[in-house]
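Residue numbers (the numbering used here): 1 to 295.
For glycine and all other residues, C-beta sits at the position ideal for the given N, C-alpha and C.
Nothing here was measured: the structure is a model prediction, and the numbers come from that model.
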């Protein structure tokens, strides 16, 4: 269970000190630990905007944001904390910019840094137990042909199931080369997904049709919701950032039963995952975990 250290009350009432303390508790729940030598004691310099912690052993200096998603930020921490709430709202960067009173570029960058933290976590997650798998092609419209287009992006969704109830989902953008020329995903695509994203001991329900079998309708509904959000709220997505938004949707669904737990979990991720840079976000080409399978 994630301990809730998120500030209480409306975000307008949060102070920078409250957010610094919440981040400190999330980063060092058992007290300070030097990131270099792991020593447990430090002195604190409080003459800066944020406290500076000086290791009593190696004298390394670190701040509460150093080495985190907020590393090097000039944006107040309370804005970052509000953005962590915004992630669960399924809103746009335009909405976040209006909420915080910042530029669109700043809001876009904050959103993508948070999604990068979700992506790094998702890369390590494997489904287990009774697992159902289905999928579809993003970019396919019902009136178009079954032949793939260059803009088509195959998406597979896997879920840990309890009967017909979806307990935990993982949405993955697959390499288009795996899908071949047909927009109906083959068993091979699902097998590749299972190899990389499902534990060895599992039970899998597979289907070829986008809507899935009757038992997979709840799972298909999650995928349909994600695609509708991409198209109607975000006005469409390209392949470069599609996986980040799929991870966003997976995260929101998996924590939909507890908003506070969602926020505290994201804060915990942000406290130990290093920030991705704007250059990396804008220049990095999409790589697929299953590249080796596409000959």
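Segment limits, alpha helix (DSSP H) that includes residue 16: Position 16 of the chain shown, counted from the first residue, corresponds to residue 16. 16-27 is the extent of the alpha helix (DSSP H) around residue 16.
Three-pair Cβ contact test at 8 Å for the segment 94-101 versus the segment 121-136: no
Expected contact under 8 Å - CB spacing of residue 173 and residue 243 to nearest Å: If you number the chain shown from 1, residue 173 lands on position 173. If you number the chain shown from 1, residue 243 lands on position 243. Their Cβ separation, rounded to whole angstroms, is 4 Å, which keeps residue 173 and residue 243 in contact under 8 Å.
Residues bridged to residue 161 [DSSP beta-bridge criterion]: As a first step, residue 161 must be located in the chain shown, where it is residue number 161. 166.
Cβ-based burial, residue 295 [other Cβ within 10 Å; buried from 16]: Here residue 295 corresponds to residue number 295 of the chain shown, with the count starting at 1. Note on residue 295: pLDDT 28, under 50, position unreliable in the model; the coordinate value appears next. Under this definition residue 295 is an exposed residue.
Buried versus exposed, by CB contacts within 10 Å (16 or more), residue 235: Counting from one through the chain shown, the residue named residue 235 turns up at place 235. Label assigned to residue 235: exposed.
Residue 115 burial status per 10 Å Cβ neighbour count (16 or more: buried): For the purposes of this step, residue 115 is taken as the residue at position 115 of the chain shown. Taking all protein chains shown into account, residue 115 has 16 or more neighbouring C-beta atoms within 10 Å of its C-beta and is therefore buried.
Which of helix, strand or coil DSSP assigns to residue 185: Translated into positions along the chain shown, residue 185 becomes position 185. Residue 185 falls in the coil class under three-state DSSP.
Residue interval of the alpha helix (DSSP H) (run including residue 133): Taking the first residue of the chain shown as 1, we reach residue 133 at position 133. Run containing residue 133: none in the alpha helix (DSSP H); it sits in the beta strand (DSSP E), 127-138.
CA-to-CA distance, residue 155 to residue 1, given in whole angstroms: In the chain shown, residue 1 corresponds to position 1, counting from 1. In the chain shown, residue 155 corresponds to position 155, counting from 1. Low per-residue confidence applies at residue 1: pLDDT is 43, beneath 50, and the placement is therefore not dependable, though the value from the model is reported in the following sentence. Each residue's alpha carbon lies about 30 Å from the other.
Contact under 8 Å by Cβ, residue 171 with residue 226: One-based indexing of the chain shown puts residue 171 at position 171. One-based indexing of the chain shown puts residue 226 at position 226. The answer is yes: Cβ separation under 8 Å.
Cβ neighbour criterion (16 or more within 10 Å) applied to residue 265: Within the chain shown, numbered from 1, the residue matching residue 265 stands at position 265. That one is buried.
Helix, strand or coil at residue 69 according to DSSP, with G and I counted as helix: Position 69 of the chain shown, counted from the start, is the residue given in the question as residue 69. Coil.
Helix, strand or coil at residue 55 according to DSSP, with G and I counted as helix: As a first step, residue 55 must be located in the chain shown, where it is residue number 55. It is a strand residue.
Beta-carbon proximity check, residue 252 vs residue 183, cutoff 8 Å: Residue numbering aside, residue 252 sits at position 252 when the chain shown is read from its first letter. Residue numbering aside, residue 183 sits at position 183 when the chain shown is read from its first letter. The answer is no: Cβ separation not under 8 Å.
Cβ contact (3+ pairs, closer than 8 Å) linking the segment 70-77 and the segment 14-26: yes
Counted within 10 angstroms of its Cβ, other Cβ atoms place residue 308 as buried (16 or more) or exposed: No information on residue 308 is available, as it lies outside the stretch 1 to 295 that the chain covers here.
Beta-carbon contacts of residue 82 that lie in its chain and below 7 Å, excluding the five residues immediately before and after: The residue you call residue 82 lines up with position 82 of the chain shown. Closer than 7 Å at the Cβ level, and outside the excluded window around residue 82, lie 11, 99, 100.
Straight-line gap, residue 121 to residue 270 (C-alpha atoms, nearest Å): Residue 121 sits at position 121 when you count from the first residue of the chain shown. Residue 270 sits at position 270 when you count from the first residue of the chain shown. Rounded to whole angstroms, residue 121 to residue 270 spans 10 Å at the Cα level.
Among 55, 118, 66, 62, nearest to residue 255 - alpha-carbon criterion: On the chain shown, position 255 is the one that residue 255 refers to. For residue 255, the nearest C-alpha among the options comes from 118.
8 Å Cβ cutoff met for residue 176 and residue 152: Reading the chain shown from its first residue, position 176 is the one you call residue 176. Reading the chain shown from its first residue, position 152 is the one you call residue 152. Yes, Cβ-Cβ distance for residue 176 and residue 152 is below 8 Å.
Below-8 Å beta-carbon distance, residue 199 vs any chain B residue: Within the model displayed, chain B is absent; a lone protein chain is all it includes.
For residue 61: DSSP bridge partner residues: If you number the chain shown from 1, residue 61 lands on position 61. Residue 61 pairs with 54.
Limits of the beta strand (DSSP E) - the one that residue 42 falls within: Mapped onto the chain shown, residue 42 falls at position 42. Element bounds for residue 42: 42-45.
Buried or exposed (CB count within 10 angstroms, at least 16 for buried), residue 179: Locating residue 179 in the chain shown gives position 179, where the first residue counts as 1. By the neighbour-count rule (16 or more Cβ atoms within 10 Å), residue 179 is buried.
Residue closest to residue 216, alpha-carbon to alpha-carbon, out of 63, 257, 165: Taking the first residue of the chain shown as position 1, residue 216 is located at position 216. It is 165 whose Cα lies nearest to the Cα of residue 216.
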